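Below: the structure, in structure tokens.
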Amino acid sequence: QKEVEQNSGPLSVPEGAIASLNCTYSDRGSQSFFWYRQYSGKSPELIMFIYSNGDKEDGRFTAQLNKASQYVSLLIRDSQPSDSATYLCAVFDQTGANNLFFGTGTRLTVIP
Amino acid sequence: NAGVTQTPKFQVLKTGQSMTLQCAQDMNHNSMYWYRQDPGMGLRLIYYSASEGTTDKGEVPNGYNVSRLNKREFSLRLESAAPSQTSVYFCASSDRDPAKQFFGPGTRLTVL
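As they're listed, the protein sequences go chains Y and R.
Per the numbering used here, the first sequence starts with residue 1030, numbered consecutively.
Per the numbering used here, the second sequence starts with residue 87, numbered consecutively.
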């Protein structure tokens, strides 16, 4: 059983601030990590993925990976009210079922 | 290009009734998935199909059956619905990278 842990929140940040979302995972052998965004009542949407230790930037989003500490994080710079959503961390299991395991998600609210 | 479509959007069943949830994708993807999403539990994989003609169990397959009718369509059947199957069901598909999944809009199922 692969475990992916996230703080369920809610996390509230003011508009323009940096939102920091964290995720830890149990399987030290995991290699691929993903962030999905889910608006209320909608389906998940892939927004970032990271495979190597360090940072990966895409626009206002930065994914950070530390395999030694088994954590992944997502930073959202210049947060906007439209970023208010639940962010799901997912880890890909390459050794067994070849499937994604999702955390329960962190609900982010950006306050105008 | 509709992506992943699911029918119905909403359904209410009585305990013991059966029903089939339909999913179709028009992206020519090989792999398709069925998830359920429950509050506090996150997304959990029920069944998946890595390619046309194959299906495999995921994390929570009990009480469900699936059919990969062709490359486009993947259906989920509840033979005898139970209140524990009240959930939001998402279908997803992926191309070469099984971790980069595209989700349908979901079916909200209530079993009374």
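Yeah, the Cβ is synthetic: ideal placement off N, Cα and C, and Gly gets one too.
Just so it is clear, the structure is predicted and the values come from calculations on it, not from any experiment.
For LEU1103 (chain Y), the nearest beta carbon of chain R is not closer than 8 angstroms to its own beta carbon. If you check each beta-carbon in the stretch 1076-1106 of chain Y against every beta-carbon of chain R, the ones closer than 8 angstroms belong to PHE1078.
Here ALA168 (chain R) is exposed, its C-beta having fewer than 16 other C-beta atoms within 10 Å. About 7 angstroms separates the Cβ atoms of TYR119 (chain R) and CYS177 (chain R), confirming a contact at the 8 angstroms cut-off. In this structure, the straight-line span from the alpha carbon of THR172 (chain R) to that of VAL197 (chain R) is close to 5 angstroms. Following the DSSP letters along the chain, one finds TYR1100 (chain Y) inside the beta strand (DSSP E) bounded by residues 1100-1105.
At the C-beta level, LEU1103 (chain Y) and PHE1090 (chain Y) come within 8 angstroms of one another. Nearest CB-CB separation between LYS157 (chain R) and chain Y: not below the 8 angstroms threshold. Taking the beta carbon of LEU1117 (chain Y) as reference, the chain R residues within 8 angstroms of it are GLY128, LEU129, listed in sequence order. Ranked by Cα distance from PHE1131 (chain Y), the options Y:VAL1139, Y:PRO1141, Y:CYS1118 are led by Y:CYS1118. For the 8 angstroms CB-CB criterion, LEU1129 (chain Y) and PHE1063 (chain Y) form a contact.
Interface residue (Cβ-Cβ distance to chain Y less than 8 angstroms): GLY102 (chain R) is not classified as such.
With respect to the 8 angstroms criterion, SER179 (chain R) and GLN108 (chain R) are not classified as neighbours on the basis of their beta carbons.
Chain Y places no beta carbon closer than 8 angstroms to that of PRO147 (chain R), leaving this residue out of the contacts.
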